[in-house]
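Trainee:
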Amino acid sequence: MINLSDNILKDTIQKRKTISHKGDFGKTLLIGSNANFGGAILMAAKATLLSGSGLTYTATDPNNVTAIHQYLPEVIATNYKQTDQLITLIHHVNVIVIGPGLGNSWFSLALLKQIFNHVSEQQVLIIDASAIDLIAKYDLNLPKAKTVLTPHQMEWQRLSGIKIVDQTPEANLKIVQQLHSVVVLKKHQTQIYTNQEIYNNLPGTPAMATGGSGDTLAGMIGGFTAQFNEKLNAILAATYLHTKIANDLAQTHYVVRPTQISENIPLYMQTIAQDN
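Numbering (my numbering), first residue to last: 5 to 280.
1) Figure out for me which residue from 278, 237, 223 and 204 has the closest Cα to the Cα of residue 266.
2) Need the endpoints of the alpha helix (DSSP H) that residue 133 sits in, please.
3) Determine the closest residue to residue 231 out of 32, 107, 85 and 115, with distance taken between C-alpha atoms.
4) Does the beta-carbon distance from residue 128 to residue 34 come in below 8 Å?
5) What three-state label does DSSP hand residue 108 in the structure shown?
6) Round the Cβ separation of residue 123 and residue 155 to the nearest angstrom and send it over; I've been treating them as touching at under 8 Å.
7) Using the beta-carbon count (16 or more within 10 Å), is residue 271 buried or exposed?
8) Which residues mark the beginning and the end of the alpha helix (DSSP H) in which residue 39 is found?
9) Mind checking residue 132: buried by the 16 CB within 10 Å criterion, or exposed?
10) Is residue 97 helix, strand or coil when you go by DSSP?
11) With a threshold of 16 other CB atoms inside 10 Å of the CB of residue 38, please say whether the residue is buried or exposed.
12) Please classify residue 104 as buried or exposed, where buried requires at least 16 other C-beta atoms within 10 Å of its C-beta.
13) With C-beta atoms as the reference, is residue 49 less than 8 Å away from residue 76?
14) Is the separation between the beta-carbon of residue 189 and that of residue 244 shorter than 8 Å?
15) Alpha carbons only, please: which of 71, 88 and 87 is nearest the one belonging to residue 81?
16) Let me check understanding here. Comparing Cα to Cα, which of 212, 228 and 15 lies closest to residue 152?
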C-alpha cells in the first residue's frame with residue numbers, strides 16, 4: 005500500500021503557461037440530477053469548474069437548467085432529454101462524469117446505457133452514485149473508456165458483492181482487477197485501487213459527513229483528469245486535495261459544506277503551483 009502525501013499535489017499541479025486558453029485545460033461533461041436532486045449536479049459542476057476544467061458542460065433535467073445558469077454562469081447547461089445534443093456533447097469532451105443525483109428510474113438506466121454506447125476508449129468516464137447502483141442492479145458491462153468508479157462502501161457492497169465488514173484490501177483488489185477500472189472507495193480513510201496498487205488517502209473528518217461531499221469529489225476528479233495528462237496522478241491528487249481542504253476547514257468549522265471545499269480549490273492549487 006502507498007500512503008498519499010502532499011507530494012502527489014506537487015507532482016500533479018503545475019503553473020499554467022502564460023500563453024494559454026480554455027482549450028488547453030480540457031472539456032468535461034457532467035450528467036445527472038433528476039428534478040428532485042438538482043443540487044447534486046450543481047455541486048459537482050462547481051467542483052469541476054473550480055478545479056480548472058477549461059470548459060464545463062452539464063446535461064441534466066430541464067428543471068435544473070435555470071439554477072445552473074443563475075449560480076454557475078460559467079457552466080454550459082443542457083437538457084439531458086435532448087438525445088441528439090447529448091450525443092454530440094459526449095463526442096466533444098474528453099472527460100464525462102455521470103451519476104450525481106441521477107436517480108434509479110428507467111430513464112436513468114436508458115441514459116446510462118446511451119453513455120456507455122457512445123463513450124470512446126480515449127475518454128475518461130467517472131461513474132458515481134446512482135450510476136453505480138444501476139450497474140450493480142442490472143449487471144451492466146462497463147464500456148472500454150478509462151473508467152473511474154467512486155462508490156461509498158454500501159455502493160461498493162452492491163457492485164462487488166462484498167459486505168462492508170468483509171471489504172478488506174485484498175478482497176477489494178480482486179474485484180477491481182476484474183473491473184479493469186480505478187476504484188475510489190470512499191470511507192473515513194478513502195482508498196484508491198488500480199489493477200496493481202492500493203493508495204491510502206488522508207483520514208477524513210466527521211465535518212464532511214453531509215450530503216454533496218461525494219458529488220464534489222466526483223467533480224474534482226473530473227476537473228483534474230480533464231486538464232492533467234497523468235490520469236492516475238490526477239485522480240489521486242483530486243482525492244487527496246478534497247480531504248486536505250476539508251480537514252483544514254474542520255479546524256474551525258463543525259460542519260464543512262461541500263461548496264466550501266470547492267470554493268477553496270483554486271487557492272490551494274495556486275499555492276501548490278507557485279511552490280513548484
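The beta carbon of each residue, even a glycine, is placed where N, CA and C say it ideally should be.
Just so it is clear, the structure is predicted and the values come from calculations on it, not from any experiment.
Mentor: On the basis of the data shown:
1) 223
2) No residue range can be given for residue 133, since it is assigned to no alpha helix (DSSP H) and is classified by DSSP as neither H nor E.
3) 32
4) no
5) coil
6) Going by Cβ atoms, the distance from residue 123 to residue 155 rounds to 19 Å, so no, they are not a contact pair.
7) The residue in question, residue 271, is exposed, as its Cβ has fewer than 16 Cβ neighbours within 10 Å.
8) From DSSP, residue 39 is part of no alpha helix (DSSP H); its letter is neither H nor E.
9) buried
10) coil
11) That one is buried.
12) Counting C-beta atoms within 10 angstroms of its own C-beta, residue 104 has 16 or more neighbours from the protein chains shown and is therefore classed as buried.
13) yes
14) Judged by beta-carbon spacing, residue 244 lies beyond the 8 Å limit of residue 189, meaning their Cβ atoms are not closer than that value.
15) In terms of Cα proximity to residue 81, the closest of 71, 88 and 87 is 71.
16) 228
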